[in-house]
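Heads up: the sequence shown is residues 72 to 403, going by my numbering.
The C-beta atom is built at its ideal place from N, Cα and C for all residues, glycine as well.
As the structure is a computational prediction, the values presented were derived from the model and not from experiment.
Taking it in order: structure first as structure tokens, then the write-up.
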Amino acid sequence: MITRSITKPVNKMVARLNDSSNEVASASQQLSQGSAEQASAIEETSSTLQQSASMIQQNTVNTNEATRIFKRAKDSSDKGSTEMQEMMNSMQEIKKSSDQIAKIIKVIDDIAFQTNILALNAAIEAARAGEAGMGCAVVAEEVRNLAQRSAQAAMDTAAMIENNIELSNKGVTVARKVHEALNEITAGSKKVNELMAEIAAAGEEQSQGIDQVNKAVLQMETITQQNASNAEESASAAEELSAQADNMRKIVSELSELVNGKAATLRAELDHAGHSLHHLTQGNQAMQTIGQGRVQLEQPQNNTQLPEKTEKKTKVVSPEDVIPLDKDPHHF
């Protein structure tokens, strides 16, 4: 009974300890497996982030290159716009010169017309003079022809100048449109340049952000690996604890068998001692009976009484005296 009262709580404690260690081992294995899967996912995420960071860096490089190209295009557009403005100014000067030439041609045409009139009048006067005016008539005819040719040349020159003026006007109009287009291109290039600069700055910030996220992911991966290692250590410790619990159960079982064996031996010895004591008591009683008979036969003169035989009490030995055990099994 004493052994059972001691070993039963210990066995319960060992059973609970074994169950707890099994649960800890199972949870640690699940945690280790989950940590391994999480580490794999984090590694894939880190690889993806590195690829994204590489792409963003390449985009930043391309954006910077595009910004430089747009800057060169803007400079060329500004230069072209300036040259177009100079060409427009030159064409305006040409138009003004053409207008002046047209006026001069007009004067020449008027002079030729007047010369033609004078030559006609001279021819009329020479005709009136008769033979005396024949030479003057020939000169007047030649002057008239020259005046007509001068007038025709002036008219042709005026037509050419008018055509040049018209072409100059068209050129000025085209140059103005080109100048406006170049101005729009310049403004657009400036805006695109600003946008590309903003994109480059945003790409740089994104690259820095991804670098920070990548560092955080690497830290998470390190922590996950540490958790997996700790989980494996916990599982190993739980297995060791379970083994120790099994060893404790074996020790308690051996102790129980040992105590039960000692108790059985003590009981056998006590039974043997009891039998011996019983035989000894019976012998003493027989001796006392024989002694009393002898006293009655002799009838002594004196009244001396024999001292009473004191019965020797035998101390019963308990198992607690052999193996002292604590009464409180919980402190085992």
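{"Asked": "CB of Ala302 within 9 angstroms of CB of Leu102, strictly", "Found": "yes"}
{"Asked": "Met231, buried or exposed, once every other Cβ within 10 Å from all chains shown has been counted against 16", "Found": "exposed"}
{"Asked": "Distance between Ile165 and Glu233 (C-alpha atoms, nearest Å)", "Found": "12 angstroms"}
{"Asked": "Buried or exposed (CB count within 10 angstroms, at least 16 for buried), Ala225", "Found": "buried"}
{"Asked": "Member of Thr293, Ser92, Lys83 whose CA lies at the smallest distance from the CA of Gln315", "Found": "Ser92"}
{"Asked": "Cβ contact (3+ pairs, closer than 8 angstroms) linking the segment 241 to 250 and the segment 155 to 164", "Found": "yes"}
{"Asked": "Complete beta strand (DSSP E) runs within the segment 108 to 146 (minimum length 3 residues, chain order)", "Found": "none"}
{"Asked": "Own chain partners of Ser152 with C-beta closer than 7 angstroms, once the 5 adjacent residues on each side are dropped", "Found": "His250, Leu253, Asn254, Thr257"}
{"Asked": "Proximity below 9 angstroms, CB of Ser260 to CB of Phe184", "Found": "no"}
{"Asked": "Exposure of Ala272, with buried meaning 16 or more beta-carbon neighbours within 10 Å", "Found": "exposed"}
{"Asked": "Which listed residue (Met84, Ala110, Gln128) has its alpha carbon closest to that of Gly280", "Found": "Gln128"}
{"Asked": "C-alpha distance - Ala246 paired with Glu269, whole-angstrom precision", "Found": "34 angstroms"}
{"Asked": "Under 9 angstroms between C-beta atoms of Ala190 and Ala211", "Found": "yes"}
{"Asked": "Assigned exposure category for Met205 - 16 Cβ within 10 Å defines buried", "Found": "exposed"}
{"Asked": "Cβ-based neighbour list, Ser39, same chain, cut-off 7 angstroms, excluding 5 preceding and 5 following", "Found": "Outside the shown range of the chain (72 to 403) lies residue 39, about which nothing can therefore be said."}
{"Asked": "Pick from Gln283, Leu88, Arg320, Thr293 that is closest to Ala124, judged by C-alpha positions", "Found": "Gln283"}
{"Asked": "Beta-carbon separation (whole angstroms), Glu275 vs Thr131, contact threshold 8 angstroms", "Found": "6 angstroms"}
{"Asked": "9 angstroms Cβ cutoff met for Met319 and Leu120", "Found": "no"}
{"Asked": "Among Lys174, Glu328, Gln163, Val85, nearest to Asn240 - alpha-carbon criterion", "Found": "Gln163"}
{"Asked": "Buried versus exposed, by CB contacts within 10 Å (16 or more), Val288", "Found": "buried"}
{"Asked": "Member of Ser111, Gln171, Arg139 whose CA lies at the smallest distance from the CA of Thr228", "Found": "Gln171"}
{"Asked": "Within 9 angstroms, strictly: CB atoms of Glu292 and Ala110", "Found": "yes"}
{"Asked": "Whole-Å CB distance - Ala194 paired with Ala208, under 8 angstroms assumed", "Found": "5 angstroms"}
{"Asked": "Alpha-carbon to alpha-carbon, Met267 and Ala137", "Found": "7 angstroms"}
{"Asked": "With 16 other Cβ atoms within 10 Å as the buried cut-off, status of Ala218", "Found": "buried"}
{"Asked": "Inter-residue spacing [alpha-carbon to alpha-carbon] between Ala339 and Val85", "Found": "33 angstroms"}
{"Asked": "Cα-Cα separation between Thr186 and Glu237, rounded to whole angstroms", "Found": "30 angstroms"}
{"Asked": "Proximal residues to Ala198 (C-beta, below 8 angstroms), its chain only, five neighbours per side dropped", "Found": "Gly204, Ala208"}
{"Asked": "Neighbourhood of Thr295 by C-beta distance below 7 angstroms, restricted to the same chain and skipping five residues each side", "Found": "Ser106, Gln109, Ala110, Ile113"}
{"Asked": "Proximity below 9 angstroms, CB of Ser169 to CB of Asn235", "Found": "yes"}
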